[in-house]
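Visitor: Residue numbers (my numbering): 267 to 1190.
My questions will all concern the structure given below.
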Ligand code: ADP
Ligand code: ASP
Ligand code: MG
C-alpha cells in the first residue's frame, strides 16, 4: 500500500504531507516527481484558530501489515535504491533552532545533491536559540507531565509550541502556499494534542504510548519545515515520517530500543515503492514504531541513532552528524574547558563514551554504522571549517595518542545510587550474583556498573539515582531468608554518587593506566567508592561522590591529556615577599610552561582587607591596579571556596603573611583539596594540635603542605632535612645561625665597636625589624627551632624551648623602640665582657638555635665557637645550618648562604610551587 493511499484512508495528521504529484510513467512510485499535496491538508480560517475538523490522531496500536509492496518483481529494483550514493546528514536541535539556521542547513543539503549523490537528512526537534529559549522536546515532555498531574498550565506550553513553530514557519517560508500548508497541518496537530492532553489531565495519568506519540511531534514539525524549505529552494524532496519505516523493539531493561532490521528494511522498500527513488529525503529523527504498530521513540537524543539506522538501511557511504561542538571532545567541554577535540575514534570508543554519559551521541548510535562499516563524522554546524571527529573501525590517530593519552576520553553519569550487598554467607555460594541481578532486572531497574570484591564478601552495583529505593526493596524481599539467617548482613544504599569512566582502545595491554588514573584522583582528594574495569579493557569506571564529579573529571583529564600541569595559585599577603613572588611568576611563567609543562595561573590575590578573585587569571603585569580597583572585601573562607570550586584541578594557596589568620585556615583549605605553600612560621610553631591535624591531612589526603621558606628563607634547609629523614638517616643535632639579623650583628661585633653601635648599624642598614628587640628577643629563632624539631619528630611547643633573650631585662618592657635604642649603650658592658671572655680563649660569640635530638630538646642561646669553626667564618647576614646525623657524624652536613630578604624568600616559596607541580605530575 502506498503512503499516499494509507494517508487518505487513515486520514491521519501525523504522517507525510509530501506525496507523489504527477505520475510520469507506469511505475509511478519509482519515477514520480515529489511535492506537497495541498488537497490533503485542511487550511484553517486563521493561524491561531485550530481547525474545527481536525482529523483524529492515530496514536493507537496499528499493527504493521506484511510488506505487500515488496513483491518479488520490484524488490530488486527497490534494493537498487540503496547504496554508496547515499549520504546521511543529521541536524541536531541547535542547528534547527531558528528559521535562519534551518534555511542554512537546507541550502547546504540542496547544494550537495547531484547526479550521483543522494541525501537523506535526519532532523531533530527545534532546540533553543537566543530569541526563543524553548527546547521543543523538553517542553513537550514537561507539558505531558503537567497534564498528567492535572496542572492546566499544559495549555500554556501548547500555545508556546504553536507560537514557536508558526513564527519560525513565517520567517522561513514567507507568505507562501507552503506556509499555509505547514500551518494547517500544525493546527490540526495542536487540536489533536490538546484533546489528548485534556484526556490525560482528566485521567490524571499518561501511558508511555500516549507520551511517545505526543513527544514525537517535535520532529514531525521540524521535518516538515525543513522539507518545505528545501522545496522552496527548488529541490525534489520527499518527507519521510520514520514511524512508517523504522520498527524497533525495547531492550530487555527498557532503557533503549533495538532495531528490527528485517522489518524496517521491508518498510523502507514499501516507502520507496510508494514514494519513488528520491534524491533528497527529509526524515524525522527520534521516532519509530513498535512491532505492534504503536508510535514510539528511540529515547532521548535518539535522532543520532535514527541517522545511523537510516545510514545502515540505505547502505550509505557516510553519515554526518551536525551539532554545536567541533566534534567529540576528550571530555564534556562544558565541564572541562581544556578538553580537546578528537580527530578520530573507533566505534567502540564512541559507544563506550556515549554509554557513560557523553551526550554528544546517543549511546546506540554507533551500532548500525559499525555493522556496515559506515564512517560517522561529528561536525560543528556553526564552525564548518573544523574537520570534526571521524568515527570508524580504526582511529587513525592511534599512534599520536598512544604515548600521550592511552585514554581517549572521560565522561560521567551523574546522580547514581550505589547498592552494596554484603555478607560472609555469600562467599563461595554459587548463584548469588545471578540472584541479585535477576531481582533488579525483574524490577525493571537498569544496572550501570558492577563491582565484586574478590573475597566475594560483597557485590556492589550502581543504578540510576531514582531507582535506589526500588532496588533496596526488591533485594530485601528476595534475600529476606538470607538476611534472617545472617548470611547477608547488609543491603546498603548510598545515594548521590557519580560514575566516572575513562574510555580508550589504547588501554588494551598497557600497564599502569588504572594506577595513573587512581593516582590522579587521590591527588585531587577524591574518594573512590568502587572500581570496575571491563574485560574488553576499553574502559575503567570508578564510582565517586557526586559532589566530586567535576573536580574528578578535570583531574583525570588533565593527568592524561594535558602536557601541562595546570595549577591555580592564590596568594595571601602581596607585600614584600608576596609581591616579589608575583614578579618572579611573571618572569618565569612562559618558560615554565614551555620547558617544564607547568602552567601556573594566578587566580586570586588577598591582602589583609581586600581580595581579587579572577576566574580566568589575574593579569600579572597589572595586578596591583586590579587589586585596587576590582577587589572585594577580604574573606579567607570565600577565597578558599573560590579556589576549591575552580575548574583547574590543582589549586594552591601561598600564604606570604606572618599572621595567624591565614594559618588557622590551612586545615579547612586542605580539606577542600587546596594545597598550601608558605614561608609563614605560625602554623609550624603554633599549637601542636593544629600542626598535627595539618600534617595528618597531608599524609592521608594527598594534599601538600610545603614550608621551605620558614627556615633559612630560600636555602634548602627543610628539603635537606626531609631528604635525610626519608632516606633513613638519624638526626643527632641541628644547630644553626638562623637569623640574618643576628648573624650580621655577631659577625660584626668584635670589630671594636660596642654592641649597641653594631645594633644601630644593623638597624640603619634595614637588617632588623623596625623594633630590633623583635630580633634580639630570640622568638623568631625559637620558632625556627620549633619547626625543625617537629620535623625531626620532637613534638615541642614554643614554651618548652628555652630562649636566651639578648634584650636586657630592664629594657624588655620599655614602650618605644627609640627609648630601647637610647638606653642600650647602658648595657654594653655585659656584652663586652662576654666577648672578651670568648676571645681570650680564641673563640667568638654566635647566637644559635639548637635541636638536640638525643635529649629531645630545643634551645636558643649565645654560644662560643672556636675561630676555626664554620660558624665563625660567616659573613654579612648569611645563615648557616649544620646537621649532625649518623651518616654525617664526623663532619656535619652544612647548608650556608643568604637566609633573609624578599628575593631569596620568594625564591624558596617558588621552589615549593615547582615541587608541588612535580608531585602533581609535571615531568622532571
Ligand atoms: P544536538 O542537539 O546537536 O544533538 P546535544 O546537545 O545532544 O546536541 O549534544 C552536543 C553537546 O554534547 C555539546 O554541546 C556538549 O556540551 C555535550 N557533550 C558532552 N560530552 C561531550 C564530549 N565528550 N564531546 C563533545 N560534546 C560533549
Ligand atoms: N528531540 C529528541 C530529544 O531531544 C531527539 C534528539 O534531538 O536527538 O531527545
Ligand atoms: Mg543530541
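Even for Gly, the Cβ is constructed at its ideal location relative to N, Cα and C.
Rounding to the nearest angstrom, what Cα-Cα distance links residue 1175 and residue 840 in this structure?
Guide: As a position in the chain shown, residue 1175 is number 909, starting the count at 1. As a position in the chain shown, residue 840 is number 574, starting the count at 1. Distance between the alpha carbons of residue 1175 and residue 840: 13 Å.
Visitor: Are residue 1143 and residue 1160 touching if we call contact CB-CB under 8 Å?
Guide: For the purposes of this step, residue 1143 is identified with residue 877 of the chain shown, where counting begins at 1. For the purposes of this step, residue 1160 is identified with residue 894 of the chain shown, where counting begins at 1. No; because the gap between Cβ atoms is not below 8 Å, this pair is not in contact.
Visitor: Go to residue 988, then tell me how far its alpha helix (DSSP H) extends in each direction, as first and last residue.
Guide: On the chain shown, residue 988 is found 722 positions in, with the first residue counted as 1. Unbroken alpha helix (DSSP H) run through residue 988: 983 to 992.
Visitor: Would you say residue 477 touches the ligand ASP, meaning its beta carbon is less than 7 Å from a heavy atom?
Guide: Start at 1 with the first residue of the chain shown, and residue 477 comes out as number 211. No, Cβ of residue 477 sits at least 7 Å from all heavy atoms of the ligand ASP.
Visitor: With DSSP collapsed to three states, give me the class of residue 1078.
Guide: Here residue 1078 refers to the residue found at position 812 when the chain shown is read from its first residue. Residue state, collapsed to three classes: coil.
Visitor: Using 8 Å for Cβ pairs, my map puts residue 770 next to residue 604. What's the rounded Cβ distance?
Guide: Indexing the chain shown from 1 puts residue 770 at position 504. Indexing the chain shown from 1 puts residue 604 at position 338. Not confirmed; about 17 Å, so no contact.
Visitor: Using a Cβ-Cβ cut-off of 7 Å (strictly less than) and excluding sequence neighbours within five positions of residue 927, which residues of its own chain qualify?
Guide: Within the chain shown, the letter at position 661 stands for residue 927. Only 902 meet the Cβ criterion.
Visitor: Can you have a look at residue 1182 and say buried or exposed, based on whether 16 or more other CB atoms are within 10 angstroms of its CB?
Guide: Against the chain shown, residue 1182 aligns to sequence position 916. Classification for residue 1182: buried.
Visitor: Along the chain, where does the alpha helix (DSSP H) that runs through residue 1093 open and close?
Guide: Stepping through the chain shown from its first residue, residue 1093 is reached at position 827. Looking at the DSSP string, residue 1093 is not in any alpha helix (DSSP H), and its letter there is neither H nor E.
Visitor: For residue 894, is the classification buried or exposed, using 16 other Cβ atoms within 10 angstroms of its Cβ as the cut-off for buried?
Guide: As a working note, residue 894 is residue 628 in the chain shown. Classification for residue 894: exposed.
Visitor: Suppose you measure from the CA of residue 501 to the CA of residue 380; what does that come to, to the nearest Å?
Guide: Walking along the chain shown from the start, residue 501 turns up at place 235. Walking along the chain shown from the start, residue 380 turns up at place 114. If you take the alpha carbons of residue 501 and residue 380, they lie about 11 Å apart.
Visitor: Within this structure, are the beta carbons of residue 1117 and residue 1054 separated by less than 8 Å?
Guide: Counted from its first residue, the chain shown places residue 1117 at position 851. Counted from its first residue, the chain shown places residue 1054 at position 788. In contact: residue 1117 and residue 1054 (Cβ atoms closer than 8 Å).
Visitor: Could you tell me the distance, in whole angstroms, from the CA atom of residue 962 to the CA atom of residue 570?
Guide: The residue labelled residue 962 in the question sits at position 696 within the chain shown. The residue labelled residue 570 in the question sits at position 304 within the chain shown. For residue 962 and residue 570, the distance between alpha carbons rounds to 50 Å.
Visitor: Check the C-beta distance from residue 888 over to residue 921 and give it rounded, since I have them as a contact under 8 Å.
Guide: For this step, residue 888 is matched to residue 622 along the chain shown. For this step, residue 921 is matched to residue 655 along the chain shown. No, residue 888 and residue 921 are not in contact; Cβ-Cβ is about 23 Å, not under 8 Å.
Visitor: Have a look at residue 807 and residue 1058 and give me their C-alpha separation to the nearest angstrom.
Guide: On the chain shown, position 541 is the one that residue 807 refers to. On the chain shown, position 792 is the one that residue 1058 refers to. One C-alpha to the other measures close to 41 Å.
Visitor: Would you mind stating whether residue 459 and residue 424 have Cβ atoms separated by less than 8 Å?
Guide: Here residue 459 is taken as the residue at index 193 of the chain shown, counted from 1. Here residue 424 is taken as the residue at index 158 of the chain shown, counted from 1. Taking 8 Å as the Cβ cut-off, residue 459 and residue 424 qualify as a contacting pair.
Visitor: Give me the residue from 777, 875 and 810 with the minimum Cα distance to residue 788.
Guide: Taking the chain shown and counting its residues from 1, one reaches residue 788 at position 522. Residue 788 has its Cα closest to that of 810, out of 777, 875 and 810.
Visitor: Note down, in chain order, each residue of its chain lying with its Cβ closer than 7 Å to the Cβ of residue 819, except the 5 sequence neighbours on either side.
Guide: In the chain shown, the residue the question calls residue 819 occupies position 553. For residue 819, where only same-chain residues beyond five positions count, the Cβ hits under 7 Å are 597, 601, 602, 676, 678 and 766.
Visitor: If you draw a straight line from the alpha carbon of residue 429 to that of residue 561, how long is it in whole angstroms?
Guide: In the chain shown, residue 429 corresponds to position 163, counting from 1. In the chain shown, residue 561 corresponds to position 295, counting from 1. The straight-line gap from Cα to Cα measures roughly 25 Å.
Visitor: In whole angstroms, what separates the C-alpha of residue 834 from that of residue 915?
Guide: Within the chain shown, the letter at position 568 stands for residue 834. Within the chain shown, the letter at position 649 stands for residue 915. Residue 834 and residue 915: Cα-Cα distance of roughly 8 Å.
Visitor: Roughly how many whole angstroms lie between the Cα atoms of residue 442 and residue 591?
Guide: The residue given as residue 442 occupies position 176 in the chain shown. The residue given as residue 591 occupies position 325 in the chain shown. C-alpha separation (whole angstroms): 34 Å.
Visitor: Name the residue from 999, 538 and 907 whose alpha carbon lies nearest to the alpha carbon of residue 1121.
Guide: For the purposes of this step, residue 1121 is taken as the residue at position 855 of the chain shown. Among 999, 538 and 907, the Cα nearest to that of residue 1121 belongs to 999.
Visitor: Could you check whether the segment 1036 to 1055 touches the segment 1065 to 1078, counting it as contact only if at least three pairs of C-beta atoms, one from each stretch, sit closer than 8 Å?
Guide: yes
Visitor: Measuring CB to CB, does residue 353 end up less than 8 Å from residue 584?
Guide: Within the chain shown, the letter at position 87 stands for residue 353. Within the chain shown, the letter at position 318 stands for residue 584. Cβ distance < 8 Å, so residue 353 and residue 584 count as in contact.
Visitor: Measuring straight from C-alpha to C-alpha, what distance separates residue 733 and residue 763?
Guide: Numbered from its first residue, the chain shown carries residue 733 at position 467. Numbered from its first residue, the chain shown carries residue 763 at position 497. The straight-line gap from Cα to Cα measures roughly 13 Å.
Visitor: Among 821, 941 and 553, whose alpha-carbon lies nearest the alpha-carbon of residue 967?
Guide: Counting from one through the chain shown, the residue named residue 967 turns up at place 701. Selected option, being the one with the closest Cα: 941.
Visitor: Residue 1067 and residue 1107 - do their beta-carbons sit closer together than 8 Å?
Guide: Numbered from 1 along the chain shown, position 841 holds the residue referred to as residue 1107. Numbered from 1 along the chain shown, position 801 holds the residue referred to as residue 1067. No, the pair does not count as a contact, with Cβ atoms beyond the cut-off.
Visitor: Note down the Cα distance separating residue 503 from residue 653, rounded to an integer number of angstroms.
Guide: On the chain shown, residue 503 is found 237 positions in, with the first residue counted as 1. On the chain shown, residue 653 is found 387 positions in, with the first residue counted as 1. About 28 Å.
Visitor: Could you tell me the alpha carbon to alpha carbon distance between residue 783 and residue 609, rounded to whole angstroms?
Guide: For the purposes of this step, residue 783 is identified with residue 517 of the chain shown, where counting begins at 1. For the purposes of this step, residue 609 is identified with residue 343 of the chain shown, where counting begins at 1. Roughly 23 Å between the two C-alpha positions.
Visitor: Would you say the beta carbon of residue 484 comes nearer than 7 Å to a heavy atom of the ligand ASP?
Guide: Against the chain shown, residue 484 aligns to sequence position 218. Taking 7 Å as the cut-off, one finds at least one heavy atom of the ligand ASP near enough to the beta carbon of residue 484.
Visitor: Measure the CB-CB distance between residue 979 and residue 1007 and report whether it falls below 8 Å.
Guide: On the chain shown, residue 979 is found 713 positions in, with the first residue counted as 1. On the chain shown, residue 1007 is found 741 positions in, with the first residue counted as 1. Not closer than 8 Å, so no.
Visitor: What residues match up with residue 921 in a beta bridge as DSSP calls it?
Guide: Position 655 of the chain shown, counted from the first residue, corresponds to residue 921. DSSP, once it has assigned bridges, lists 838 as partnering residue 921.
Visitor: Quick check: is any heavy atom of the ligand MN less than 7 Å from the C-beta of residue 609?
Guide: No copy of the ligand MN occurs in the structure displayed; its ligands are the ligand ADP, the ligand ASP and the ligand MG alone.
Visitor: Please find out if some non-hydrogen atom of the ligand ASP comes closer than 7 Å to the beta-carbon of residue 358.
Guide: The residue you call residue 358 lines up with position 92 of the chain shown. Residue 358: yes, Cβ under 7 Å from the ligand ASP.
Visitor: Are residue 576 and residue 554 close, meaning C-beta to C-beta below 8 Å?
Guide: As a working note, residue 576 is residue 310 in the chain shown. As a working note, residue 554 is residue 288 in the chain shown. Cβ distance not < 8 Å, so residue 576 and residue 554 don't count as in contact.
Visitor: Thinking just about the alpha-carbon of each residue, which of 1184, 426 and 566 is nearest to the one in residue 970?
Guide: Mapped onto the chain shown, residue 970 falls at position 704. If you compare the alpha carbons of 1184, 426 and 566 with that of residue 970, the shortest gap goes to 1184.
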